[in-house]
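Data first, discussion second: the structure below is written as structure tokens.
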Amino acid sequence: MNYPLWVVPDLGGSWVIGIISIIHIFISHFAVGGGIYLAFAEQLAYKRKDERIYNFLKSHSRFFVLLTTVAGAVTGVGIWFSVSLVSPDGIASLIQCFTLAWAEEYLFFVAELATAFAYYYTWDRISREQHLLLARLYAIFSVFTLVIINGVLTFMLTPGKWLSSHWWFDGVFNPTYFPSLAIRLLIMLAIAGMYALVTCTRIEEPKFRTFMVRYCAKWLLPVFLLGPVCMLWFLSQVPHSVLGTIFTGIQNSGVGNFSILARALYISLVLSGTILLFAFFGPFLNPRGFTFKVAILFMICGFAATGTTEWMREMLRKPYVVYNYIYSNGIHKDEIEKIADEGFLHRGKWSTALTAATPTDEFHNGEIVFRYQCMACHTEKGYRSMKKLLGQRDEQAIISFLQILRERDPQKNNYSNIMPPLAANDAEMKSLAKYLASINTDEREKNTAHRSPASDHSISMK
Amino acid sequence: MVSESSQSRNGNFLQKFLKERLPVEELQHLAEKKKVPVHKHSVWYYMGGIAAVLFAIQVITGVLLMVYYVPEINSAHASILKINSQINFGWFIRSLHSWSANLMIAVVIIHLFSTYFMKAYRAPREFTWWTGLVMLVVCLAFGFTGYLLPWDDVSFFATKIGLDVASKIPAIGGLIAYMLRGGDIVSQATISRFFMIHVAVLPLVTLAVLGAHMFFIQVHGIAEPAFFKKLPEEKRKYEKFFPEFMFKDILVWLLAANVLFVLTMLWPWGIGPEADPFAAAPLGIKPEWYFLAPFQFLKLIPPMVGPIEGELFGIILMSLVGLGFVLVPIYDTGVSESRSKISTAFGTFVLLGVILFSLWGALS
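Those protein sequences? They're chains A and B, same order as listed. Read left to right, the first sequence gives residues 12 to 473 (the working numbering). Read left to right, the second sequence gives residues 4 to 367 (the working numbering).
This is the structure in structure tokens:
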């Protein structure tokens with residue numbers, strides 16, 4: 012409400028952030044895991060005195076450095092850019108908490124970039140010991156970028172003691188910090204192995220190819236051995252109400268938003284199981300039959316698993332940006348009551364300006380409330396379409412529904428686990444209802460002409 | 004060392020145990036002897052396996068659904084609602100069943116056309132081809148009978164229309180439709196018949212026909228396309244069915260299962276309002292996608308074509324296309340180049356027709 016908002020029709024702003032973030036997360040995990048892989052594989056080359064591994068790593072690192080530095084940096088900036096436009100109030104709160112942490116992360120990122128370029132451009136130009144040292148430094152710097160950013164990401168779901176102390180240290184080392192760090196490191200090793208499998212399929216010498224394909228497949232082993240334990244550890248630290256949302260979807264209808272977490276969990280588990288079986292029946296049991304195309308499919312599975320799991324992690328903290336502190340639409344939890352009494356539109360600088368010219372225009376005011384309070388998650392007719400969700404409700408029915416959404420007592424508001432309460436006074440609620448009723452006008456009109464005459468159902472109807 | 008020797012002892016014991024009771028060596032020899040051609044169209048060899056996996060998923064999920072489904076006119080719809088909203092994992096199992104059914108039909112159709120264009124119907128594989136055609140008909144019958152069982156308004160009217168069309172078949176159509184309905188109208192008798200056919204008759208027919216299909220594949224091996232056969236022997240590449248092709252097949256199955264799971268999660272199967280036989284049909288009712296092409300084709304034919312009723316004329320034309328697929332192994336034996344080209348043109352014409360009419364039906 013204090014900033015202008017970016018309207019993304021159909022797709023919705025949250026998906027703009029989501030798409031960029033998923034690509035960035037995959038690349039950044041790959042950058043960290045790949046750094047560790049390069050260091051270990053180079054050490055293996057020296058230990059086995061195998062020039063073939065050394066030469067393989069030279070070509071392997073070319074695309075690796077290019078992808079992680081260029082695509083990683085572009086998508087990283089893309090996240091900042093899109094989040095600032097879509098959820099400015101939310102990101103403002105995070106920046107206030109973690110200014111120092113982000114500054115440190117930036118330093119490690121610059122060090123990571125510098126060592127990555129130095130590593131790539133010094134093949135055969137410095138001694139092998141020095142080159143191995145560069146590989147290890149790159150791995151350490153990239154791990155430290157994770158060590159810091161993991162604090163911010165986990166803080167959003169489990170702020171823990173920070174809610175009372177407001178000390179950044181409590182925010183970073185929150186209840187899910189360590190289990191999340193462990194899981195992410197395991198996933199990073201797996202992604203590194205998956206990418207290396209792609210490049211290994213280009214090796215022409217059959218025996219060496221088989222050796223390398225099997226070596227890369229082993230990088231997936233840690234995540235499958237330790238991943239489930241770490242995941243249970245992670246879930247044990249997550250608020251109980253969040254876990255309840257997952258199990259609602261298991262027990263109840265699979266259709267609708269209540270089951271979305273359960274469905275995402277299934278996809279994540281199925282994709283992870285697929286990757287395990289794929290790794291076993293593909294590169295491990297049949298390294299010769301593991302071709303470039305199959306390796307690409309394997310990577311796509313990994314990408315899908317990462318994307319789904321990250322999306323699920325984001326969904327876990329809904330309806331909050333920071334759990335129990337600030338809602339996904341940028342409104343602080345402790346402000347809701349005051350807003351319900353005093354009104355929403357005049358609280359923020361930008362929302363006040365937007366409604367100043369037409370203070371009595373109910374439709375316009377309703378649209379402004381919709382943009383600030385609903386559009387963080389919904390669109391009019393696209394993703395999480397209001398038109399579809401409202402169905403055939405008329406204005407009065409929408410008001411009744413909004414009254415439920417305005418309730419702060421979970422007993423009276425079934426949606427309190429997945430949606431922020433409506434923060435609006437009576438007049439603003441009616442304005443919002445008027446605006447929403449204009450979105451689904453054609454749905455209601457369709458209802459009146461829903462059925463055809465009784466006799467008109469034969470195949471010969473023209 | 005101790006653990007290695009004990010593992011080896013256990014392995015030897017298991018091998019000995021199995022060898023004494025089963026023809027393990029013969030089976031292994033058979034699987035290793037079987038070879039799969041490697042060429043640019045090899046991807047089509049995986050379709051049959053995918054269809055089989057999807058069928059297996061349907062058998063398992065179908066058995067689970069039977070625990071709660073009630074094939075009774077006043078309870079059928081309510082039992083599906085209960086599965087969808089009250090039974091743990093119920094919606095998941097039902098969506099898996101419905102999606103795998105649709106995917107299986109799609110894969111079987113792709114398998115049929117890929118086999119057709121690779122000319123795999125030619126001697127000595129005529130029986131493999133014919134049993135494959137029967138399998139497609141059985142799959143469509145699975146789809147048609149299963150569609151009615153939730154007893155919602157769309158399934159009721161779609162079944163009614165389907166049976167009305169079937170009744171137009173000369174001589175036997177009326178009797179078949181009457182027997183399937185269990186009378187003149189779609190009612191409790193129809194649900195009972197469709198349920199029995201869906202869960203008992205068709206699975207048994209599938210076992211027999213699929214068994215025969217697999218047997219013929221074992222006897223004749225995997226078909227090689229004409230361009231591959233013309234290659235000099237040193238340029239023809241093969242891989243062993245076991246383990247090379249088998250392991251790749253497993254990977255493809257896994258990917259297919261993933262597509263199925265993702266579809267199930269992202270678009271779980273819903274259910275419409277309960278069927279009301281006395282109500283008007285919902286506006287713009289359409290059959291399932293795999294019946295859209297004949298549905299749209301029949302809609303285009305005028306009420307009378309000369310002295311013949313339009314729908315009957317359409318059915319005769321579609322039957323002739325079907326007959327063409329049945330007779331193609333006899334017509335195109337591989338001896339005549341012109342016949343081969345005509346067969347390819349015929350298949351292309353039918354494939355394009357199916358795609359065009361399906362899209363037209365979906366969009367209209």
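No residue lacks a Cβ here, since even glycine has one placed at the ideal position from N, Cα and C. Note that the structure is a prediction, hence the values are computed from the model and not measured.
Strand pairing of residue i, partner residues [DSSP]
i	result
Thr79(A)	Partner(s): none; Thr79(A) has no beta bridge.
Ser396(A)	Thr390(A)
Pro40(B)	Tyr241(B)
Glu312(B)	Met307(B)
Inter-residue spacing [alpha-carbon to alpha-carbon] between residue i and residue j
i	j	result
Tyr338(A)	Val18(A)	19 Å
Ile113(B)	Asn105(B)	13 Å
Met249(B)	Ile342(A)	56 Å
Val168(B)	Asn77(B)	26 Å
Leu168(A)	Pro370(A)	38 Å
Leu151(B)	Trp94(B)	18 Å
Phe160(B)	Val110(B)	27 Å
Asn436(A)	Gln422(A)	21 Å
His468(A)	Ile194(A)	Because the pLDDT of His468(A) is 38, which lies under 50, any placement of that residue in the model is unreliable, and the question is left without a value.
Ile274(B)	Pro285(B)	14 Å
Gly52(B)	Met107(B)	11 Å
Val370(B)	Ser158(B)	Residue numbering for chain B in the displayed model covers 4 to 367; residue 370(B) lies beyond these limits and cannot be assessed.
Ser45(B)	Val158(A)	47 Å
Met223(A)	Pro294(A)	10 Å
Arg274(A)	Thr267(B)	9 Å
Val332(A)	Gly284(A)	30 Å
Ser361(B)	Pro99(A)	47 Å
Leu254(A)	Val265(B)	22 Å
Ser471(A)	Leu315(B)	Note that Ser471(A) scores 36 on pLDDT, short of 50, meaning its location in the model is unreliable and no value can be drawn from it.
Val338(B)	Val331(B)	13 Å
Glu439(A)	Gln407(A)	14 Å
Thr452(A)	Ser411(A)	18 Å
Pro14(A)	Gly24(A)	At residue 14(A) the sequence reads Tyr, which differs from the Pro that was named. Cα to Cα, the separation comes out at about 15 Å.
As assigned by DSSP and simplified to three states, the class of residue i
i	result
Phe307(B)	The residue you asked about is not Phe; residue 307(B) is Met in the sequence shown. If DSSP states are grouped into helix, strand and coil, Met307(B) belongs with the strands.
Asp156(B)	helix
Ile337(A)	strand
Glu140(A)	helix
Pro431(A)	coil
Glu418(A)	coil
Pro290(B)	coil
Val70(B)	coil
Lys329(A)	coil
Val353(B)	helix
Glu277(B)	strand
Gly24(A)	helix
His357(A)	coil
Pro235(B)	coil
His343(A)	strand
Met121(B)	coil
Arg324(A)	helix
Glu29(B)	helix
Val18(A)	coil
Trp134(A)	coil
Asp335(B)	coil
Ser346(B)	helix
Glu75(B)	coil
Trp178(A)	coil
Cys312(A)	helix
Cutoff 7 Å: residue i Cβ touching any chain D Cβ
i	result
Val224(A)	Among the protein chains of the structure shown, namely A and B, there is no chain D.
Task: Any 3 or more C-beta pairs closer than 8 Å across the region 37-53 of chain B and the region 229-248 of chain B - done: Flag = yes, the region 37-53 of chain B and the region 229-248 of chain B touch.
- [ ] For the region 186-255 of chain A, list the alpha helix (DSSP H) runs that are entirely contained and at least 4 residues long, ordered along the chain.
- [x] Taking only runs of at least 4 residues, the alpha helix (DSSP H) segments lying wholly in the region 186-255 of chain A are 188-211, 217-228, 232-247.
Task: Contact the region 40-49 of chain A vs the region 187-204 of chain A: 3+ CB pairs below 8 Å - done: Segment contact: the region 40-49 of chain A against the region 187-204 of chain A, three or more CB-CB distances shorter than 8 Å; contact assigned.
TODO: Specify whether the region 214-224 of chain B and the region 127-143 of chain B touch according to this definition: at least 3 beta carbon pairs, one from each stretch, less than 8 Å apart.
DONE: Flag = yes, the region 214-224 of chain B and the region 127-143 of chain B touch.
- [ ] Inspect the CB distances between the region 210-222 of chain A and the region 172-189 of chain A and report whether three or more fall short of 8 Å.
- [x] Counting C-beta pairs with one atom in each stretch, the region 210-222 of chain A and the region 172-189 of chain A have fewer than three that are closer than 8 Å, which means they do not touch.
Open item on the list: Quick test of the definition: if touching needs 3 or more C-beta pairs under 8 Å, does the region 287-302 of chain A touch the region 218-236 of chain A?
Closed with: Segments in contact, yes.
Open item on the list: I want to know whether the region 62-80 of chain B touches the region 183-202 of chain B - three or more CB-CB distances under 8 Å.
Closed with: Yes, they touch.
Open item on the list: If contact is defined by three or more beta carbon pairs under 8 Å, each pair taking one atom from either stretch, is the region 127-140 of chain A in contact with the region 60-77 of chain A?
Closed with: Yes, the region 60-77 of chain A touches the region 127-140 of chain A.
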